[in-house]
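Taking full-length UniProt numbering, the leading residue of the sequence shown gets 1, the next gets one more, and so forth.
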Amino acid sequence: MNQKFLDFMQDYKDSRLAVAVSGGVDSVCLLHWLASIGANVTCLHVNHGLRANAETETQYVRDLCKKLSVKCEIFYWTGDKPSNGIEAAARTARYKFMTDFCRKNNLDALLTAHQSDDQIETFLMNLARGSGLYGLAAMRRVTWRDGVKIVRPLLDVPRAELKKYCDDNGIKYFMDEMNEDSHYTRVRIRQNRHLLSEKLGISDTRILLAIENLGRVRDALDEKIADMVAFVTDGARATFDASFLFDLAPDIRLKFLGTSIQKIGGKEYQPRLNSLSNALRNLQHDCKFTLGRCTIRRLGQRILIVPEGQKTSFRTRHGKQKSNSNLSKSNTEK
């Protein structure tokens, strides 16, 4: 068993956990490891009904949990399926089943089996898209979704190690045919990633080190932006000077605006980059528009963000206008 996994799980030894198990090698290995360390865990499996052997996989997961003495919950995605974007829709449905269960049962975290190869593939996919810091920093070890803590304990573990563990111990798992379909960008990257090492000397270890370094910068930036958003927020509204916003570096400007809208609007995710870019263009002059369940208004040199449907007066409930034009430059330049 991987030592980094064991070290990571020390923080969750007294937690009530759920683990997403599809029946593939990554999640089956994770389930075995969790059972081996005596984790208080419930297996969650979603049958999407999209493959001929879906019920076979479901029954295997059910039987495996019985063998390991692990509680198991099975969910079926029924009803009409979209003709386009089926993979994204299935993922949304899967997470909804699992996060609903976690909230209902007051579980501390939902574990997923994303591993280091997934991390590298995500980095390379985002590199191909021309992503910035947040895309290149790839997946976080801990995130939140629908009010549930999502934990990825295998991000330091390569897929080959998980497969070897299962093969060496005679543990059955299923292969997803989509993992071999070269129509998908991730699969093409997976099939050709070895060329980076063989032809250019760029090893997986070096890519993971770059991701780790980028992640530290992302986390530091997030902390600074959170401080800035807290400074301009008063209850369920944010007000700040236009000069404060537009004096920020472009990337920080986008992230600050997105974080402010996310906090005020209460949505799980920030608006998309193109929506934020359009919002910044609008805010170069007097305007009023909605985005991310918020109303955003500029009047003169003042900018206001409030929940959609609320009054867009710049006067606070105390009858005063809050000024933040003197925010320390150390917060805006880092």
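Glycine is no exception: its CB is placed at the ideal position from the N, C-alpha and C atoms.
Contact under 9 Å by Cβ, residue i with residue j
{"i": "residue 47", "j": "residue 74", "result": "yes"}
{"i": "residue 373", "j": "residue 253", "result": "No answer is possible for residue 373: it lies beyond the span of the chain, which begins at 1 and ends at 334."}
{"i": "residue 28", "j": "residue 111", "result": "no"}
{"i": "residue 211", "j": "residue 128", "result": "no"}
{"i": "residue 113", "j": "residue 162", "result": "yes"}
{"i": "residue 44", "j": "residue 101", "result": "yes"}
{"i": "residue 149", "j": "residue 176", "result": "no"}
{"i": "residue 31", "j": "residue 81", "result": "no"}
{"i": "residue 348", "j": "residue 95", "result": "Beyond the ends of the chain as shown, which are 1 and 334, falls residue 348; an answer cannot be given."}
{"i": "residue 292", "j": "residue 311", "result": "no"}
{"i": "residue 335", "j": "residue 24", "result": "Residue 335 cannot be examined here, being either before or after the span of the chain that is shown, 1 to 334."}
{"i": "residue 35", "j": "residue 69", "result": "yes"}
Cβ-Cβ separation, residue j to residue i (assumed contact under 8 Å), whole Å
{"i": "residue 11", "j": "residue 154", "result": "Wrong, their Cβ atoms sit about 15 Å apart, outside the cutoff."}
{"i": "residue 189", "j": "residue 124", "result": "5 Å"}
{"i": "residue 60", "j": "residue 172", "result": "7 Å"}
{"i": "residue 283", "j": "residue 303", "result": "6 Å"}
Extent of the continuous alpha helix (DSSP H) run through residue i
{"i": "residue 202", "result": "It is not in any alpha helix (DSSP H) - residue 202 carries neither H nor E in the DSSP assignment."}
{"i": "residue 60", "result": "54-68"}
{"i": "residue 123", "result": "116-128"}
{"i": "residue 304", "result": "From DSSP, residue 304 is part of no alpha helix (DSSP H) but of the beta strand (DSSP E) over 302-307."}
{"i": "residue 97", "result": "86-104"}
Nonlocal neighbours in the same chain, by C-beta distance under 6 Å from residue i, ignoring five residues either side
{"i": "residue 225", "result": "255, 256, 259"}
{"i": "residue 287", "result": "298"}
{"i": "residue 270", "result": "258, 262"}
{"i": "residue 165", "result": "29"}
{"i": "residue 71", "result": "42"}
{"i": "residue 202", "result": "196"}
{"i": "residue 21", "result": "27, 31, 43, 45, 61"}
Neighbourhood of residue i by C-beta distance below 8 Å, restricted to the same chain and skipping five residues each side
{"i": "residue 106", "result": "16"}
{"i": "residue 139", "result": "114, 118, 119, 122, 152, 155"}
{"i": "residue 277", "result": "254"}
{"i": "residue 132", "result": "251"}
{"i": "residue 182", "result": "188, 191"}
{"i": "residue 329", "result": "Because the pLDDT at residue 329 is just 43, under 50, the model does not fix this residue reliably, and the value given afterwards should be weighed accordingly. Hits under 8 Å: none found."}
{"i": "residue 55", "result": "47"}
{"i": "residue 67", "result": "none"}
Cβ of residue i within 9 Å of any chain D Cβ
{"i": "residue 221", "result": "Of the protein chains in this structure there is only one, and it is not chain D."}
Element boundaries [beta strand (DSSP E), containing residue i]
{"i": "residue 45", "result": "40-47"}
{"i": "residue 290", "result": "287-291"}
{"i": "residue 73", "result": "71-76"}
{"i": "residue 149", "result": "148-151"}
{"i": "residue 295", "result": "294-299"}
{"i": "residue 5", "result": "Per DSSP, residue 5 belongs to no beta strand (DSSP E); it is in the alpha helix (DSSP H), 3-9."}
{"i": "residue 244", "result": "Careful: residue 244 lies outside any beta strand (DSSP E), inside the alpha helix (DSSP H) at 242-246."}
{"i": "residue 20", "result": "16-20"}
{"i": "residue 109", "result": "109-111"}
{"i": "residue 157", "result": "Note, residue 157: premise wrong, no beta strand (DSSP E); not H, not E."}
{"i": "residue 315", "result": "Looking at the DSSP string, residue 315 is not in any beta strand (DSSP E), and its letter there is neither H nor E."}
Nonlocal neighbours in the same chain, by C-beta distance under 7 Å from residue i, ignoring five residues either side
{"i": "residue 5", "result": "33, 153, 154, 157"}
{"i": "residue 134", "result": "218"}
{"i": "residue 305", "result": "237, 238, 260, 261, 264, 294, 296"}
{"i": "residue 214", "result": "133, 136, 137"}
{"i": "residue 103", "result": "147, 148"}
Residue environment, residue i, which counts as buried when at least 16 other CB atoms sit within 10 Å
{"i": "residue 58", "result": "buried"}
{"i": "residue 238", "result": "buried"}
{"i": "residue 207", "result": "buried"}
{"i": "residue 88", "result": "exposed"}
{"i": "residue 246", "result": "exposed"}
{"i": "residue 39", "result": "buried"}
{"i": "residue 1", "result": "exposed"}
{"i": "residue 309", "result": "exposed"}
{"i": "residue 86", "result": "exposed"}
{"i": "residue 116", "result": "buried"}
{"i": "residue 97", "result": "buried"}
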